Amino acid sequence: MSDAQFVLYSTPWCGYCFRLKSQLHREQIAFDEVDIEKRPEAADLVASINDGNQTVPTLVFADGSSMTNPSLREVTAKLASL
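Its first residue numbered 3, the sequence shown is counted upward by one per residue in the working numbering.
Put into structure tokens, the structure is as follows:
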């Protein structure tokens with residue numbers, strides 16, 4: 003069983019994704035990562051969340067809620083509320 007608290011949808015070239023992933027690793031917050039360039043169904047999911055745009059990073063939490071390009075503070079606040 004994974005310790006991941008959410009799924010982070012990203013691309014390898016996204017600077018915002020790189021920054022958020024680095025911050026999450028530093029804070030030891032576990033997440034699963036999905037590269038939307040390698041998984042077309044993931045790209046479709048991200049687009050459905052973001053009004054047709056494949057905007058990353060997009061996070062999807064266990065309760066079904068999502069966040070697009072959040073700050074570390076926003077992520078930790080969301081996790082505290084779950």
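Just so you know, even glycine gets a beta-carbon here, dropped at the ideal spot from N, CA and C. Owing to the predicted nature of the structure, the values given are computational and were not obtained by experimental measurement.
Query	Result
How big is the Cα-Cα spacing for D53 and I31?	28 Å
So is L26 buried or exposed if we call it buried at 16+ other beta carbons inside 10 Å?	buried
Taking the straight line between their C-alpha atoms, what separation do you get for V9 and V58?	12 Å
Taking the CB atoms as reference points, tell me whether S68 and V62 lie closer together than 8 Å.	yes
Compute the Euclidean distance between the alpha carbons of F20 and D34, then round it to the nearest angstrom.	14 Å
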